[in-house]
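*Asks:* Heads up, the sequence shown is in our numbering, so the first residue is 32 and it goes up one at a time.
Glycine included, each C-beta is placed from N, C-alpha and C at the ideal position.
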Amino acid sequence: MIYLLDTDIDFVLTSGGHNAGIVSEPGHPGRSYRKLSCSHADIRPNPDDWAKEATIEHGS
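#1: Helix, strand or coil for ASP12? Go by DSSP, reduced to three states.
#2: Sorted by chain position, which residues of the same chain lie with C-beta nearer than 7 Å to GLY58's C-beta, five sequence neighbours on each side aside?
#3: If we ignore side chains and look at the alpha-carbon of each, how far apart do GLY61 and ALA82 end up?
#4: On the DSSP bridge assignment, give the partners of SER68 in chain order.
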């Protein structure tokens with residue numbers, strides 16, 4: 032589906048489930064997420080490359 036879009040894409044993966052990774056208050060200890068942005072013209076990375084390239088951000 033993402034290959035059909037003519038827009039930039041941000042893919043975010045949290046360290047916990049929906050409540051732990053997204054809904055918890057900012058600054059909660061032990062929470063982190065990975066984020067990688069792709070231009071619509073970029074080739075999308077496979078999952079292993081995505082994990083290597085995505086930056087780890089602490090917090091929620």
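*Replies:* The short version:
#1: Because the chain spans 32 through 91 in this model, residue 12 falls outside it and cannot be assessed.
#2: GLY90
#3: 19 Å
#4: ASP41
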